[in-house]
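Under our numbering, the letters of the sequence shown match residues 5 to 445, in that order.
Here the structure is laid out as structure tokens; the discussion comes afterwards.
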Amino acid sequence: MFEQLQNGLSTVLKSLRGEGRITESNIADAMRQIRRVLLTADVNYKVVRDFIQSVQEKAIGVTVAKSLTPGQLVVKIIHDEMTHLLGDRSRSLKEASIPPTIIMLVGLQGSGKTTCAAKLAYHLARTKHSPVLVPVDVYRPAAEEQLEILARQIQIPCYRSSSNVVDRIKEAVTFARQQHRDTLIIDTAGRLHIDEEMMAELQAIREVIKPQNILLVVDGMTGQDAVNTAASFNEQISPDGIILTKMDSDTRGGAALTIVKTTGKPIMYMGTGEKTSDFGIFHPERVAGRILGMGDLVSLVEKVQTAIDVESVSRLEKNFRKERFTLEDFLAQLKQMKKLGPLENIMEHIPGMARMRAGNQQINEKEFHKAEAIIQSMTKVERLKPDLINGSRRRRIAAGSGTQPQDVNRLLNQYWQIIKLMKQMGHMKMPKNLSAFGLGL
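And the structure:
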């Protein structure tokens with residue numbers, strides 16, 4: 005996510021941080037480079053112009069704090085301006101005085117609206133809400149069936165009937181109240197392009213149902229097209245906020261940096277992957293930090309807290325302290341890591357990782373999958389007593405996991421290194437964040 009922006013800006017920011025004295029000349033040079041990076045990332049040229057002008061005005065003649073170098077202060081100004089460009093702060097949904105709170109999703113066909121409805125429902129369910137999904141896209145083939153399937157997967161009710169669109173929503177409101185559900189998420193019909201018929205139907209729903217929140221779902225991969233779409237919806241429907249989808253595939257990020265400025269509407273949520281859990285609140289300051297290569301440890305901690313099984317970590321700590329760490333424990337940790345999503349996405353949250361990736365130091369995620377396959381090819385006894393694994397067993401394990409004997413040897417060597425570390429630590433308490441990150445994979 006934002007890979008092109010990260011790579012382009014990292015070089016500029018690195019040179020700025022090294023400046024002992026900031027002058028109009030080096031500021032102008034840095035701004036020229038930043039302008040080129042932003043335009044290449046498909047950021048609207050007017051937004052780029054205003055951004056560059058604002059940074060220049062604040063950077064020239066600044067008073068430098070004793071704890072900062074002039075270069076560091078300019079980087080901070082860039083971070084603050086980018087945060088402002090992204091909307092300054094995160095926004096919350098407006099809640100109904102009498103439940104359910106109604107959320108109406110609108111957008112073009114292909115923007116990921118139906119999947120987004122399920123992701124939003126799953127996110128709200130994890131934050132102690134009780135949503136109901138309502139499919140009213142009666143035009144796209146199998147759209148309603150798709151939402152029903154997604155609803156079953158996340159174990160959330162999906163209300164569907166043969167009534168017309170407006171009546172179905174009214175019935176769903178009654179259903180939500182009877183079932184004591186506090187949120188209704190409406191998946192409306194989309195089109196391949198904006199047309200009067202679609203807008204008329206959306207306006208009718210808005211006037212009759214009066215939803216507390218109208219959220220525009222926008223495909224983040226479409227760059228300036230996403231901004232044009234948002235502007236059209238903003239003019240005719242006036243949504244309360246924006247959801248950017250497919251941001252894991254968007255290496256440019258122009259839509260995120262342009263859409264708030266051009267529409268005046270905040271980005272409220274962002275989809276970052278294919279999994280239902282790859283969705284969350286949009287935090288402008290955190291996203292600005294990730295774009296500038298400063299990481300986002302707060303979001304990473306939140307992701308770990310929701311994905312990691314606390315009991316499993318506690319059990320691992322006890323085994324580690326008692327020097328009983330086995331390959332079963334190793335496998336459990338690998339499975340926990342998979343819940344966090346692709347390693348590239350995880351590492352993006354860590355400060356400095358963007359510069360490491362720009363230096364072609366890539367993380368080979370395949371090694372994690374290979375290690376998992378190797379351990380799963382072992383017998384229960386071999387996992388508990390790895391010292392039993394001799395030459396013939398290694399060949400059998402390698403054949404069963406589709407790897408080579410040297411891959412099995414490498415994994416076992418990593419395991420014995422952990423055991424050696426465990427003995428050196430003795431009775432010291434194991435760090436809570438011990439995981440496969442530190443296992444040399």
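Glycine included, C-beta positions come from ideal geometry on N, C-alpha and C.
- Secondary structure at residue 202: helix, using DSSP grouped into helix, strand and coil.
- 211 is the residue among 260, 400, 211 whose C-alpha sits nearest the C-alpha of residue 241.
- The continuous beta strand (DSSP E) containing residue 217 extends over residues 217-223.
- Here residue 201 is exposed. Its C-beta has fewer than 16 other C-beta atoms within 10 Å.
- Residue burial annotation: residue 29 is exposed, with fewer than 16 other C-beta atoms found within 10 angstroms of its C-beta.
- Pairing residue 274 with residue 379, the inter-Cα distance amounts to about 36 angstroms.
- Residue 169 and residue 281 have their C-alpha atoms spaced approximately 29 angstroms apart.
- Cα atoms of residue 62 and residue 81: separation of roughly 7 angstroms, rounded to the nearest angstrom.
- In the DSSP annotation of this structure, the continuous segment of the alpha helix (DSSP H) that includes residue 179 starts and ends at 169-182.
- Taking a cut-off of 8 angstroms for Cβ pairs, the segment 181-191 and the segment 123-133 touch, as three or more such pairs fall below it.
- For residue 136, the uninterrupted beta strand (DSSP E) run begins and ends at 135-139, by DSSP.
- The residue among 389, 412, 392 with its C-alpha nearest the C-alpha of residue 372 is 412.
- Rounded to the nearest whole angstrom, the C-alpha separation of residue 243 and residue 20 is 39 angstroms.
- Residue 159 and residue 118 do not touch by the CB rule: their CB atoms are close to 17 angstroms apart, not below 8 angstroms.
- Per the DSSP secondary-structure output, residue 283 pairs in a beta bridge with 275.
- DSSP places residue 385 in the helix class (H, G or I) of the three-state scheme.
- Counted as a single uninterrupted DSSP element, the alpha helix (DSSP H) harbouring residue 395 occupies residues 395-405.
- In the structure shown, residue 81 adopts helical secondary structure according to DSSP, grouped into three states.
- Short of 6 angstroms from the beta carbon of residue 152, and not among the five residues preceding or following it, lie these beta carbons of its own chain, in chain order: 162.
- If you look at residue 112, you'll find it isn't in any alpha helix (DSSP H); DSSP assigns it neither H nor E.
- Annotated three-state conformation of residue 64 is coil, per DSSP.
- A residue is called buried once 16 or more other Cβ atoms fall within 10 Å of its Cβ, and residue 391, having fewer, is exposed.
- In this structure, the alpha-carbon of residue 179 lies about 11 angstroms from that of residue 103.
- In the three-state reduction of the DSSP assignment, residue 191 falls in the strand class, which pools E and B.
- Nearest C-alpha to residue 78 among 400, 64, 89: 64.
- DSSP, reduced to helix, strand and coil, places residue 268 outside both helices and strands of the structure shown, so it counts as coil.
- Collapsing the DSSP output to three states places residue 108 in a strand.
- The DSSP-derived three-state label of residue 118 is helix.
- A Cβ-Cβ separation of about 6 angstroms places residue 90 in contact with residue 264 under the 8 angstroms criterion.
- In the structure shown, residue 245 adopts extended strand secondary structure according to DSSP, grouped into three states.
- An exposed status is given to residue 145, since fewer than 16 other beta-carbon atoms sit within 10 Å of its beta-carbon.
- Here residue 100 has 216 as same chain residues with Cβ atoms under 6 angstroms from its own Cβ, once five neighbours each way along the sequence are excluded.
- A check of alpha carbon separations from residue 31 across 283, 171, 76, 418 identifies 76 as the nearest.
- Under the 10 Å beta carbon count, residue 423 is surrounded by fewer than 16 other beta carbons and is classified as exposed.
- Bounds of the alpha helix (DSSP H) holding residue 29 are 28-44.
- Counting the other CB atoms within 10 Å of its CB gives residue 16 a total of 16 or more, which places it among the buried residues.
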